[in-house]
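This report concerns only the one structure given below.
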Amino acid sequence: MIKKFYLVFILIALFTLIGCSQDEPNATVTIGGDYQIGESLESLAENSDLIVLGEYQNLEDKWNMARNRQDPEKESTERYLSFV
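Following numbering that gives the first Met the number 0, the numbering of the sequence shown begins with 0 at its first residue and continues without gaps.
Below, the structure written as structure tokens:
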């Protein structure tokens with residue numbers, strides 16, 4: 000009985016090691032909603048209606064984009080969300 004237990008244990012361990020040593024295939028997950036997305040800069044340029052070239056001089060101001068749960072007109076005091 001103990002020999003069968005060890006044999007089963009060794010087989011499970013061997014299959015586990017073989018399964019863990021396999022390389023995972025390269026995969027790209029692209030998720031989008033209401034807007035066009037691209038996998039590269041070239042595909043973004045092809046999908047764009049308008050491309051603007053330039054640079055900004057200074058940052059005018061920054062605000063908390065997270066909203067208050069009771070009043071969405073106000074900024075949240077619990078969380079902070081900003082994009083620059």
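Beta carbons: idealized from backbone N, C-alpha and C, even for Gly.
So the alpha helix (DSSP H) Ala-44 belongs to, where does it begin and stop?
On the sequence shown, position 45 is the one that residue 44 refers to. Residues 40 to 46.
Leaving out the 5 sequence neighbours to the left and right, which residues in its chain are closer than 7 angstroms to Ser-75 when beta-carbon positions are compared?
Against the sequence shown, residue 75 aligns to sequence position 76. Excluding positions up to five away in sequence, the list reads Asn-63, Ala-65, Arg-66 and Asn-67.
Tell me which same chain residues have a C-beta within less than 6 angstroms of the C-beta of Leu-80, skipping the five on either side of it?
Taking the first residue of the sequence shown as position 1, residue 80 is located at position 81. Exclusion of the five residues before and after Leu-80 leaves Met-64 and Ala-65 as the residues of its chain whose Cβ lies within less than 6 angstroms of its Cβ.
Cβ separation of Gly-37 and Asn-46, assumed to be a contact under 8 angstroms, to the nearest whole Å
Looking up residue 37 in the sequence shown gives position 38. Looking up residue 46 in the sequence shown gives position 47. By a beta-carbon distance limit of 8 angstroms, Gly-37 contacts Asn-46. Their separation comes to about 6 angstroms.
In angstroms with no decimal places, state the Cα-to-Cα distance between Lys-73 and Leu-16.
Locating residue 73 in the sequence shown gives position 74, where the first residue counts as 1. Locating residue 16 in the sequence shown gives position 17, where the first residue counts as 1. Between Lys-73 and Leu-16, the C-alpha separation is close to 54 angstroms.
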